[in-house]
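Okay, structure first, notes after.
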Amino acid sequence: MKASFATHDVFNQSPPFEDVNLFASDRHLVETVKAFGGAAAEAELSEFGRHWGSAAMAARGRLANENTPKLRTFDSRGNRRDEVEFHPAYHELMAHAAHAGMHNSTWSEAGKPVGGAAHVARGAKYYIAAQVESGHLCPITMTHASVAALASQPEILAKTMPVIATRSYDPSFAPWWTKRGMTLGMGMTEKQGGTDVRANMTRAARDGDAYRITGHKWFMSAPMCDAFLVLAQADQGLSCFFMPRFAPDGSVNALHFQRLKDKLGNRSNASSEVEFVGAYAERIGGAGAGIRTILQMVQLTRLDCALACAGLMRSGLAHALHHARHRSVFQKHLADQPLMQAVLSDMALHVEASAALVMRLCHAFDRMHDDANEAAYMRLLTPAIKYWVCKSSPALLYEAMECLGGNGYVEEGILARHYREAPVNAIWEGSGNVMCLDVLRALSREPDAALSVLRRLGEDADGQPGAAEAAAFIGKTFQRADSERVARLAVEKLALLAAAAALNKVSSRHAELFALTRLAAPHASMLGAVDLEPADIHSLLERALN
Ligand SMILES: Cc1cc2nc3c(=O)[nH]c(=O)nc-3n(C[C@H](O)[C@H](O)[C@H](O)COP(=O)(O)OP(=O)(O)OC[C@H]3O[C@@H](n4cnc5c(N)ncnc54)[C@H](O)[C@@H]3O)c2cc1C
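By the working numbering, the letter at position 181 of the sequence shown is numbered 510, and the numbering carries on one by one without gaps.
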């Protein structure tokens, strides 16, 4: 309905970008899912995209971020509560995500990988959900990823899996074994070190078959999870533990939350500072093997960081393009102004490449158990893809905001929220430099496998401008004695080459455009500072939003 004021009519404002099918309207996503083996999931993804693109889901996202979680440390009589209260919209988002299996769909009921294209289908859902609300995805990600670490302790996996494997979300504060569904969080970072977890001071002391943990975590998301995977120093060294919110006798476990973090973004989600005061825990994996055990989980959380940022960028592009198609300036729609077309098409190219890259990585996660090449791809490219996709997203979202002019900058729209959300994905689960060092580590530990991945990337991007030179540069740079100092140079090139190769599986012309503007020569510092042919601009923009 048109708003009527005493002084003016409202016109030339774009309609809300809501009640849109976030899958079907994204032709590139549809084709990318197909290219990486997920065609059978198309109907399910279309229903998911319709539901998550609804105005009702957008309202939940807004409400969950405007009404941030509150820590209730004590009750009115001074007894400890250590509970976090969320707005009902947050719980509804969690319930919808769990119903779609985003926390478990790549695992069987026994906690084994289901194979097929499970990661590609889940990845597409995650990419879509991140366009609506990202904060709640933190516990969804950690629950999904924790299964990989729990697998190191089969009896704990066996007892928790029946609860993890349901598609129910149960927000009650009760022992996990009594619940319809459960979520898991993760506690590694302490005040004196996040990257360097070997510096953890939290101690684990044997208590019969279990342990008592004393110490702190400086960041621990998300405090209302039913259990946490926690690192602590045992007699044999740093070990990984399963720490439930309730001890086996049904009493509340000794996790004392100190504060919730006051964060730039990710505001619907609670991230806590916590002290453990002899908290009950069970060991996961070998004594002293804590890092190895929790790393099983971290590769999966890194995948989700990249999926989230690719989704955020997709949302930025879609909102910008939608607005430009409705907004007229100087008697012409913005979408028809040559300079705006240059900006939007360059953004579309970046988003296409990012989407192809994260879906290619999902494909590697799907196949890595049966194919050593895919396992090597996953190992080498997960940190490189997280690095490049996540670190490129704030700049793209900033440009998307600007396409909406002043409307882009205000909190009523979603782009300001996306912009504030984007940087966290580069910071947590291993920050930028740490990802580059991890690529170097993969190369030094398994050089033959890594070089074979590089050769295959060169083949997959074969003939594209700059691909052969990029492959040679990467190989040479990684072999330098001072490779650490120049690691960002080589890791960015590696991600660009992998993006061109992944995009080549979906659209060879767009892959060529990507290579021309990013591989053959460095991209200008601003999006839109490129010289694309009108036919290519048209093809990119038409494909970007049906
Ligand atoms: C919202 C939010 C939620 C979080 N939730 C959790 C959680 O649930 N569980 C949890 O365990 N942690 C969590 N974290 C913590 C997060 O994982 C850490 O902040 C992150 O790993 C970085 O650790 P740090 O803060 O100690 O920084 P540091 O480790 O001190 O790193 C600082 C900088 O130094 C760089 N650096 C580190 N080592 C090197 C090196 N060798 N060479 C060059 N550069 C280097 C890093 O890339 C980084 O840029 C969360 C963080 C945030 C912001």
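Each residue gets a CB set at the ideal place from its N, CA and C atoms; glycine is no exception.
Supposed contact pair residue j and residue i - C-beta distance, whole angstroms, cut 8 Å
{"i": "Ala677", "j": "Leu870", "result": "6 Å"}
{"i": "Met549", "j": "Val627", "result": "At roughly 15 Å, the Cβ-Cβ gap does not stay under 8 Å, so Met549 and Val627 are not in contact."}
{"i": "Pro398", "j": "Leu589", "result": "6 Å"}
{"i": "Asp789", "j": "Pro712", "result": "That pair is no contact at about 19 Å."}
{"i": "Leu848", "j": "Phe807", "result": "With a Cβ gap of about 17 Å, Leu848 and Phe807 do not count as contacting."}
{"i": "Ser812", "j": "Ala705", "result": "Rounded, the Cβ-Cβ distance is 19 Å, inconsistent with contact."}
{"i": "Ala478", "j": "Gln625", "result": "5 Å"}
{"i": "Glu412", "j": "Phe502", "result": "6 Å"}
{"i": "Thr518", "j": "Lys488", "result": "Between Lys488 and Thr518 the Cβ distance is about 27 Å, and since that is not below 8 Å, they are no contact."}
{"i": "Ser343", "j": "His655", "result": "4 Å"}
{"i": "Thr543", "j": "Arg532", "result": "5 Å"}
{"i": "Cys691", "j": "Phe352", "result": "Incorrect: roughly 15 Å between the Cβ atoms, too far for contact."}
{"i": "Ser324", "j": "Leu641", "result": "Absent from the structure is residue 324, since the part of the chain shown begins at 330 and ends at 875."}
Exposure of residue i, with buried meaning 16 or more beta-carbon neighbours within 10 Å
{"i": "Asp665", "result": "exposed"}
{"i": "Ser333", "result": "exposed"}
{"i": "Tyr716", "result": "buried"}
{"i": "Gly619", "result": "buried"}
{"i": "Ala425", "result": "The amino acid occupying residue 425 in the given sequence is His; Ala does not appear at that position. So His425 counts as buried."}
{"i": "Ser674", "result": "buried"}
{"i": "Met855", "result": "exposed"}
{"i": "Ser836", "result": "buried"}
{"i": "Lys822", "result": "buried"}
{"i": "Pro552", "result": "buried"}
{"i": "Leu733", "result": "buried"}
{"i": "Asp591", "result": "exposed"}
Closest by C-alpha distance to residue i, when choosing among the options
{"i": "Val443", "options": "Ala450, Val449 and Thr435", "result": "Thr435"}
{"i": "Ser495", "options": "Ser481, Thr512 and Ala503", "result": "Checking the sequence, you will find Thr at residue 495 rather than Ser. It is Thr512 whose Cα lies nearest to the Cα of Thr495."}
{"i": "Ala755", "options": "His867, Cys719, Ser773 and Arg749", "result": "Cys719"}
{"i": "Gly792", "options": "Gly761, Asn833 and Ser812", "result": "Asn833"}
{"i": "Ala576", "options": "Ala556, Asn595, Ile866 and Ser568", "result": "Ala556"}
{"i": "Arg770", "options": "Ala745, Leu673 and Ala816", "result": "Ala816"}
{"i": "Arg749", "options": "Ala724, Ser836 and Glu758", "result": "Ala724"}
{"i": "Gly759", "options": "Val526, Asp564, Asn595 and His448", "result": "Val526"}
{"i": "Pro500", "options": "Asp695, Val680, His416 and Ser683", "result": "His416"}
{"i": "Ser601", "options": "Leu400, Leu786, Leu686 and Arg654", "result": "Leu400"}
{"i": "Asn702", "options": "His747, Gly378 and Pro776", "result": "Pro776"}
{"i": "Met688", "options": "Ala647, Leu726, Leu636 and Glu728", "result": "Leu636"}
{"i": "Thr622", "options": "Arg391, Val559 and Pro468", "result": "Val559"}
{"i": "Met386", "options": "Ala369, Glu376, Ala418 and Glu373", "result": "Ala418"}
{"i": "Lys508", "options": "Gly514, Ser657, Tyr498 and Gly516", "result": "Tyr498"}
{"i": "Cys638", "options": "Ser580, Asn433, Tyr455 and Leu845", "result": "Tyr455"}
{"i": "Pro881", "options": "His679, Trp505 and His465", "result": "No answer is possible for residue 881: the residues shown for the chain start at 330 and end at 875."}
{"i": "Leu650", "options": "Glu373, Val672 and Gly378", "result": "Val672"}
{"i": "Trp381", "options": "Gly795, Ser644 and Thr402", "result": "Ser644"}
{"i": "His448", "options": "Gly430, Gln460 and Leu733", "result": "Gly430"}
DSSP bridge partner residues for residue i (one or two, in chain order)
{"i": "Asp536", "result": "Ala539"}
{"i": "Ile613", "result": "Cys569"}
{"i": "Lys661", "result": "Val658"}
{"i": "Gly516", "result": "Val559"}
{"i": "Ser837", "result": "BP columns for Ser837 are empty, so no partner."}
{"i": "Gly522", "result": "Glu519"}
{"i": "Asp338", "result": "Ser333"}
{"i": "Gly857", "result": "Paired residue(s): none; Gly857 is not in a bridge."}
{"i": "Phe605", "result": "Gly544 and Leu584"}
{"i": "Met549", "result": "Ser601"}
{"i": "Pro442", "result": "Trp436"}
{"i": "Phe575", "result": "Val581"}
Range covered by the alpha helix (DSSP H) that runs through residue i
{"i": "Phe802", "result": "Ala796 to Gln808"}
{"i": "Thr472", "result": "Leu466 to Leu479"}
{"i": "Val672", "result": "Pro667 to Arg696"}
{"i": "Thr361", "result": "Arg356 to Ala364"}
{"i": "Leu486", "result": "Pro483 to Ile493"}
{"i": "Leu400", "result": "No alpha helix (DSSP H) holds Leu400; the beta strand (DSSP E) holding it covers Lys399 to Phe403."}
{"i": "Glu750", "result": "Leu744 to Ile756"}
{"i": "Tyr419", "result": "Pro417 to His428"}
{"i": "Asp789", "result": "Pro776 to Asp789"}
{"i": "Pro863", "result": "Pro863 to Ala873"}
{"i": "His448", "result": "Ala447 to Ala458"}
{"i": "Leu726", "result": "Ala701 to Cys732"}
{"i": "Glu371", "result": "Glu371 to Trp381"}
{"i": "Gly759", "result": "From DSSP, Gly759 is part of no alpha helix (DSSP H); its letter is neither H nor E."}
{"i": "Asn394", "result": "Ala384 to Glu395"}
Residue interval of the beta strand (DSSP E) (run including residue i)
{"i": "His585", "result": "Leu584 to Leu589"}
{"i": "Asp411", "result": "Arg409 to Glu414"}
{"i": "Val559", "result": "Ala556 to Ala563"}
Neighbour flag for residue i against chain C, beta carbons, 8 Å
{"i": "Tyr716", "result": "Absent from the structure is chain C; it holds one protein chain and no more."}
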